[in-house]
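Protein chains in written order, with the working numbering: chain Y, 1084 to 1302; chain F, 1084 to 1302. For each residue, glycine too, the CB sits at the ideal point set by N, CA and C. From a predicted model like this one, the values you see are computed outputs, not experimental measurements.
There are 2 protein chains.
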Amino acid sequence: MKRNVKVSSAVIRRLPRYYRQLSELQEAGTIRISSSALGKSMGLTASQIRQDLFCFGEFGQQGYGYKVDSLREEIGEILGISRGHTVVVLGTGNLGRAIIENFRFSSNGFRLLAAFDIDPHVVGTRIAGVPVYHADTLESFLQKNPASVGLLTVPIAAAQEMGDRLVSTGVKGIWNFTNYEIAVDPERVVVESVHFSDSLLALSYMISQREEREGEESV
Amino acid sequence: MKRNVKVSSAVIRRLPRYYRQLSELQEAGTIRISSSALGKSMGLTASQIRQDLFCFGEFGQQGYGYKVDSLREEIGEILGISRGHTVVVLGTGNLGRAIIENFRFSSNGFRLLAAFDIDPHVVGTRIAGVPVYHADTLESFLQKNPASVGLLTVPIAAAQEMGDRLVSTGVKGIWNFTNYEIAVDPERVVVESVHFSDSLLALSYMISQREEREGEESV
C-alpha cells in the first residue's frame, strides 16, 4: 500500500475513532458499510471519510462501500497496533490504578510490563496482576525490558524528573496524564498529553450554545 | 460581539486548547502575543489561528498581536466558563476518586456538588470535601440541586441506566468516562465521551511513523 506520509494532525486524531467505530461495527456483525453510513455514525460527512481514508491508500469500492473487517485491520496496521509496543506505568495513585485495572492495553496493541512507585505500601505488590517496582529501579528494569511508552501519572512536582528519566532510558513516547507540560526533546520522544479539561470545556461550550438557543427561542 | 453560530467541531475542539495555552501565557506574565507565536506554541499555523478566532469576532490588531488576558477572557466566555455550571459525579471508583481529588473543576467554571455511589463503605463519607450520597437519592438530590453535567464513571453494566436517570432529571450534559457509548436523545442532552484509547492510538501512530522513518534511514 502506498502511503502519503504528510498526514494532517486532524486526520491522525480521527484514525483512532475510525478504528473504534469499525471495531464496534465488526462486533455487531456488520460486513460492509457505505461512507455515508460510517460518516453518519461518527458525525462526519461521506466526503470527509473518503478524503481521510484516501490519505492512506485505496479503500472501498465505488458503490459497494467499505469492507468493515479489512478496513479495520488496515487502519490498525497504520496505527501500529501490531508493532508489539510495550508500556510501563509511572505512578500508582488513583488514576494510575484505574488505568492499570480497567484500560484494555492489549486491545490497543500494547503490552503492560510493570508499574513504578515510591510508596512502600504499594512497591512489591501487584495491581491486576501487574508488578509494582520501586521507582529507583526504573532504569535497570528498562535496560532489560525496553518499553515503547512510559505512562506518567506521578504528582506534578515529579513530572519533569520522571519524564527526563524516561527519555534517557530510550522510551519513544510519553503518555502524559500529569496535566503538566513536560519539556523534552521532540526529536527524541513523542509526548501525548491527556487534558481532561479540554474535554469538559468542549462540553461546556456545547451546553452553553444550547442554553443560548433555548433562551432565544423562549423569548 | 457578533458570533458566527456555525462553528466546525474541529474549531470547537481547539478552543479549550487556546484557553489553556492563554492561561499559561497569562500566568507566565505575557501581555501580548502574535498569531505566529501563539500558533508555534500550539503546533498550528498563524493563518489557522486567525481563521479560528475570526469565527467568534474580531480579536487582536494587525501588527500588534493579541492581548493575552482579554483574548483568554473572551474565549472563556465563549466556552461558557462564567455560566455557573454545576456537576455531579456518578461512581467513586479509582477513576472517579482521582478526578474528584485532582481535577480543577472550578478553574473550568464548574462547581462540584456531590458524588454518588452504592458502596456502603463510601456512601456517607467525603472525598476531598465532596459528600458521597447513595445513588438511590440521585433524583431527589438533583431536584433540589440541579446539575448541568453528570460525570459517569460507573461500571459499564450500569452506564446506560445511570445515563438514562441523569437525562430524566434534566442534566444538559453527560461527561462519559465509562468507555460505553450510551444511547440518549441528542435533543435532550449532549454527551462528551473520554476515550483514553484514542489518545494512546494517536501516540502509537506517531511512534510507528518515527520507527518507520528511522528504519528507512538506517537501511
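Exposed or buried, what is E1244(F) when buried is set at 16 or more other beta-carbons lying within 10 Å of its beta-carbon?
exposed
Kindly indicate which residue of A1120(F), L1286(F) and L1136(F) has the alpha-carbon position closest to the one of E1157(F).
L1136(F)
Name the chain F residues whose beta carbon is nearer than 7 Å to that of E1275(Y)?
S1282, A1285 and L1286
Backbone secondary structure at H1113(Y) - three-state DSSP
Per the sequence shown, residue 1113(Y) should be read as Thr rather than His. The answer is coil: DSSP assigns T1113(Y) none of H, G, I, E or B.
Please list the segments of the beta strand (DSSP E) lying wholly inside the region 1196-1283 of chain Y, counting only runs of 3 or more residues, in order along the chain.
1213-1217, 1232-1235, 1256-1259 and 1273-1276
For a cutoff of 8 Å on Cβ pairs, would you count L1154(Y) as touching chain C?
Structure shown: chain C not included; protein chains present are Y and F.
V1215(Y) versus D1200(Y): straight-line alpha-carbon distance, rounded
7 Å
Using the beta-carbon of each residue, which ones in chain F are nearer than 8 Å to M1289(Y)?
I1095, G1256, V1273 and E1275
Closest by C-alpha distance to F1193(F), when choosing among V1237(Y), A1285(Y), G1126(Y) and S1165(Y):
A1285(Y)
Measure the alpha-carbon distance for G1176(F) versus T1236(F) and round it to whole angstroms.
Those two C-alpha atoms are separated by around 7 Å.
Pick from S1223(Y), N1191(Y) and F1186(Y) that is closest to V1213(Y), judged by C-alpha positions:
Looking only at S1223(Y), N1191(Y) and F1186(Y), the smallest Cα-Cα distance to V1213(Y) is reached by F1186(Y).
Would E1172(F) and L1225(F) be called neighbours here (beta carbons separated by less than 8 Å)?
Before going on, a small fix: residue 1172(F) reads as Val here, not Glu. No; because the gap between Cβ atoms is not below 8 Å, this pair is not in contact.
With 16 other Cβ atoms within 10 Å as the buried cut-off, status of M1084(F):
In this prediction, M1084(F) has a pLDDT of 46, which is less than 50 and means its spatial position is unreliable; what the coordinates show is noted afterwards. Classification for M1084(F): exposed.
Alpha-carbon spacing of K1227(F) relative to L1283(Y), whole angstroms:
24 Å
Counting contacts by CB-CB distance shorter than 8 Å, is H1278(F) in contact with chain Y?
yes
Given a limit of 7 Å on CB to CB distance, which residues of the region 1228-1244 of chain Y reach chain F?
S1231 and V1232
Out of D1219(F), A1240(F) and G1179(F), which one is the CA nearest neighbour of A1211(F)?
G1179(F)
Residues that P1269(F) contacts on chain Y, provided the C-beta gap is smaller than 9 Å:
Ordered by position in chain Y, no residue passes the 9 Å Cβ test against P1269(F), which lies about 10 Å from the chain.
With 8 Å set as the bound, which would you pick, yes or no: does the beta-carbon of R1180(Y) sit closer than that to a beta-carbon of chain F?
Put simply, the CB of R1180(Y) is near chain F, with a gap under 8 Å to one of its CB atoms.
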